[in-house]
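In the working numbering, the protein residues as written are 187 to 394. Using N, Cα and C, we set each Cβ at its ideal position, and we do this for glycine too.
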Ligand code: GRF
């Protein structure tokens with residue numbers, strides 16, 4: 187059974203999808219053992235507490251330098267015995283130490299089809315605004331392992347949804363969350379926890 191740590195900053199609907207998947211037996215080879223937030227007021231923390239999951243808060247602004255913060259987060263995750271780290275809407279930039287410590291053991295969910303609409307500045311509603319501005323007909327979400335280059339690590343799963351003519355950033359975001367994010371994140375986590383993902387040359391190979 188793998189130990190899963192989930193990093194959050196906001197509402198935590200993706201965290202909720204992971205908790206529900208665990209309760210429904212979709213995630214069966216791992217257990218969410220702690221939720222770590224960059225924001226003490228994140229509703230995601232409430233979701234964790236409601237499910238008796240251990241919580242912690244770590245804020246960048248409480249550390250003088252970025253390397254000190256990077257080290258503290260790495261040590262915190264180590265102290266929790268995390269085998270897998272899931273970024274579920276975590277809004278603080280991660281450093282070299284934590285990323286290298288969890289190489290191919292840290293999964294992020296990005297609300298677009300990478301390599302489109304990703305990288306610096308593409309977060310939250312900005313992603314969906316850019317999608318609508320460009321007029322693409324499909325968008326979706328991507329799970330991937332985290333590397334030091336933003337949104338560029340090995341892709342685990344992707345699924346698409348239709349972009350509609352009358353979409354607003356909010357309606358598109360909601361469709362992507364409901365139809366893609368809340369499904370592929372738990373599935374990707376279970377694939378990892380059941381040792382079904384291998385990585386070679388920045389690509390993943392999934393064992394069926
Ligand atoms: C999601 O859209 C996710 O793709 C992105 O941040 C958002 C988090 O939402 N990385 P929530 O906190 O899980 O509701």
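* **Residue range of the unbroken alpha helix (DSSP H) whose run includes residue 258** => 252–265
* Whether residue 333 touches residue 300 by CB criterion (8 Å) -> no
* Using beta-carbon positions only, say whether residue 216 and residue 385 come within less than 8 Å of one another. => no
* Asked: Between the C-alpha atoms of residue 354 and residue 226, what's the straight-line distance to the nearest angstrom?
  -> 30 Å
* Delimiting residues of the beta strand (DSSP E) encompassing residue 348 -> 341–348
* Asked: Near residue 382, what residues of its chain come up, given a Cβ to Cβ distance below 7 Å and the 5 sequence neighbours on each side ignored?
  -> 392 and 393
* To do: Could you check the C-alpha separation between residue 189 and residue 379 for me, to the nearest Å?
  => 9 Å
* **Any non-hydrogen atom of the ligand GRF closer than 7 Å to residue 200 Cβ** => yes
* Asked: Tell me, which residues are paired with residue 292 by DSSP?
  -> 271
* Limits of the alpha helix (DSSP H) - the one that residue 229 falls within -> 229–236
* **beta-carbon residue 366 near the ligand GRF non-hydrogen atom, thresh 7 Å** => no
* Anticipated Cβ contact below 8 Å, residue 239 with residue 220, distance rounded -> 7 Å
* Asked: In angstroms, rounded to a whole number, what distance separates the CA positions of residue 261 and residue 273?
  -> 17 Å
* What does DSSP give as the partner residues of residue 191 in its beta bridges? -> 220 and 271
* Asked: How would you write the range of the beta strand (DSSP E) that residue 155 sits in, first residue to last?
  -> Because the chain is modelled from 187 through 394, residue 155 falls outside the range shown and cannot be assessed.
* **Three-state secondary structure assigned by DSSP to residue 247** => helix
* Can you tell me where the beta strand (DSSP E) with residue 213 in it begins and where it stops? -> Neither: residue 213 is in no beta strand (DSSP E) and is coded neither H nor E.
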